[in-house]
Each structure stands twice: as C-alpha cells, then as structure tokens.
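Below: one structure, written as structure tokens.
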Amino acid sequence: GQQVMQIPQYQHVQEGEDFTTYCNSSTTLSNIQWYKQRPGGHPVFLIQLVKSGEVKKQKRLTFQFGEAKKNSSLHITATQTTDVGTYFCAGPGSEKLVFGKGTKLTVNP
Amino acid sequence: GAVVSQHPSWVICKSGTSVKIECRSLDFQATTMFWYRQFPKQSLMLMATSNEGSKATYEQGVEKDKFLINHASLTLSTLTVTSAHPEDSSFYICSADPQGAYYGYTFGSGTRLTVV
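Rendered as structure tokens:
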C-alpha cells in the first residue's frame, strides 16, 4: 500500500537556527498536507499543497511540493521555542489520509 | 472553522472495565470519522474508520471486538475500549474531514487513557 516516509525522525536545534523536514511518498499525490502537534496536544492542520512545484509560506514556515508530486518539505527559518512539536506530512490514500511518522523538533533556547 | 469535540480528555480505569470515548463534530456533518492511537513519542496509528450508519472499517491487527466503534449519527462517533488492560493505555485521537473546505482533517483534542 501507499507509504509516506518522513525524515528526520528527530531534530534538535538552537533557537535561531533553521529546520527542515522532508516527506516522500511511494506514489504520486493529488495533494499533501502538513500538521503540527504540540507536546501533549493534538495534530493541527497547517496547510495543503495541491499544485506541482507549489511553494507556500506562512510567516517563517515555507512549504514546498515537488515537481513530481511525490515529495514535500517544510522549512522553518530562525526557529523559536514556540516551534517545538512534531510535524507530520500526510497524503491522501484510499479513503483516508496516510501520515508520515513525523519529525519531532526540539529547540534549545 | 470546523471543530471536533472529544471527551473525556483523560480517564483512569481499572483493568477489566470498559471505557467509552466520544467524538462530536460541532459545526459540520461527518459521515466518516477516523480513530487513531498514539504511543508516547510515536506517530499516529490509524485504528479504524468509522462510517455513519454502517460498520466501521478496522485496520489490520486491530481487534474489532476490543475496540468497538459506533457512528450512529452524522455528528457522533464513539470508541469503546472493552475489558481494558494496562497495555491499552495510550492517547486516543479522533478526526474528521469537513469535506471540501480544504482545511485538512480536524482532530479532536484526544483522550489519554490509563488502565490500572
């Protein structure tokens, strides 16, 4: 079945450093979604990318969808302590979303 | 935006008892809801897809007799953990897709179950 792979599994950065998480799908995706789960919280939808090569920005967060629509990345510029949490990518599967395993980001102040 | 309300937020129960978790879509109708389980420091594991008016679809390896799912209305899905054991302790989260809103899945706040 469809698989969504996400790396790295963990990332620890100093506050102010940049952070990137990568997502790869075994199949071409019609869209890709990104979610953030704060420690002790639940996943919250961040964004959806639909078009090949699409780039979207939300303040310090930049989301990209690959030309082949099989990979995506989330880049955070100048991380802050409020960015801590686990970031998940997800792609549509058969009647459900298929989530990557997530990248847990910790930020050292 | 779309809201999914999940209750209780946390529950402690004794081994052998059953626990019911409710998930309600507050401002939209959800013909389908999804139930996940999340172990500490691990990813979301889809347990089952709840379908309004029909049987739930369980993922491979999930015991349907142990995790009873009912989706009796377009706004309510319940997960009952029957005869709970300590190994069932986990974080259970529901989600729904508001459909067509392009806001992604909306998740409930989760239920932390501890079986003692």
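Chains as they are written, first to last, in our numbering: chain A, -15 to 93; chain B, 47 to 162. Here a beta-carbon is modelled for each residue, glycine too, at the ideal position from N, C-alpha and C.
Close beta carbons around residue i, own chain, < 7 Å, minus the five adjacent residues each side
{"i": "Ile58/B", "result": "Thr160 and Val162"}
{"i": "Pro144/B", "result": "Ala48, Phe74 and Thr152"}
{"i": "Glu(-1)/A", "result": "Thr63, Gln64, Thr65, Val91, Asn92 and Pro93"}
{"i": "Leu120/B", "result": "Gln75, Ala76, Thr77 and Glu98"}
{"i": "Ala147/B", "result": "For Ala147/B, the pLDDT reaches just 47, beneath the cut-off of 50, and the residue's location in the model is therefore unreliable, although a value from the coordinates is still provided. Correct list, in chain order: Ala48."}
Integer-rounded CB distance, given that residue j should sit under 8 Å from residue i
{"i": "Val68/A", "j": "Leu89/A", "result": "6 Å"}
{"i": "Gln84/B", "j": "Ser136/B", "result": "7 Å"}
{"i": "Phe3/A", "j": "Gln17/A", "result": "Actually they do not touch by this definition, with Cβ atoms about 19 Å apart."}
{"i": "Ile139/B", "j": "Tyr82/B", "result": "5 Å"}
{"i": "Ser9/A", "j": "Gln(-14)/A", "result": "7 Å"}
{"i": "Val(-12)/A", "j": "Gly75/A", "result": "5 Å"}
{"i": "Ser64/B", "j": "Val127/B", "result": "6 Å"}
{"i": "Tyr6/A", "j": "Ser57/A", "result": "5 Å"}
{"i": "Gly84/A", "j": "Gln(-10)/A", "result": "3 Å"}
Chain A contact residues for residue i, given Cβ-Cβ distances below 7 Å
{"i": "Leu92/B", "result": "Lys80"}
{"i": "Gly156/B", "result": "His26"}
Within chain B, the residues that residue i reaches when beta carbons sit closer than 8 Å
{"i": "Pro27/A", "result": "Leu90, Ile139, Ser141, Tyr151 and Phe153"}
Chain A residues whose Cβ lies nearer than 9 Å to that of residue i
{"i": "Phe80/B", "result": "Lys80 and Leu81"}
{"i": "Thr95/B", "result": "Glu79 and Lys80"}
Spatial neighbours of residue i in its chain, beta-carbon cut-off 8 Å, leaving aside the 5 residues before and after
{"i": "Thr12/A", "result": "Ala52, Lys53 and Lys54"}
{"i": "Val108/B", "result": "Met93 and Ala94"}
{"i": "Lys41/A", "result": "Phe47"}
{"i": "Asn97/B", "result": "Thr77, Thr78, Thr103 and His117"}
Partners in chain B for residue i, counting only beta-carbon separations shorter than 9 Å
{"i": "Gly86/A", "result": "Gln88, Ser89 and Leu90"}
Within chain A, the residues that residue i reaches when beta carbons sit closer than 8 Å
{"i": "Gly62/B", "result": "Per Cβ cutoff of 8 Å: no residues; Gly62/B is ~28 Å from chain A at best."}
Cβ-based neighbour list, residue i, same chain, cut-off 6 Å, excluding 5 preceding and 5 following
{"i": "Gly37/A", "result": "Glu51"}
{"i": "Leu72/B", "result": "Val49 and Ser51"}
{"i": "His59/A", "result": "Thr4 and Thr46"}
{"i": "Gly156/B", "result": "Phe137 and Ile139"}
{"i": "Thr124/B", "result": "Lys66, Glu68 and Asn116"}
{"i": "Lys112/B", "result": "Thr128"}
Chain-ordered residues of the segment 8 to 19 of chain A with a beta carbon less than 8 Å from chain B: Gln17 and Tyr19
Contacting positions in the segment 101 to 126 of chain B - beta carbon closer than 7 Å to chain A: none
Any beta strand (DSSP E) of 3 or more consecutive residues that is wholly inside the segment 102 to 157 of chain B: 113 to 119, 122 to 127 and 136 to 142
Ordered list of beta strand (DSSP E) runs contained in the segment -11 to 41 of chain A, each at least 3 residues: -6 to -2, 3 to 9, 16 to 21 and 27 to 33
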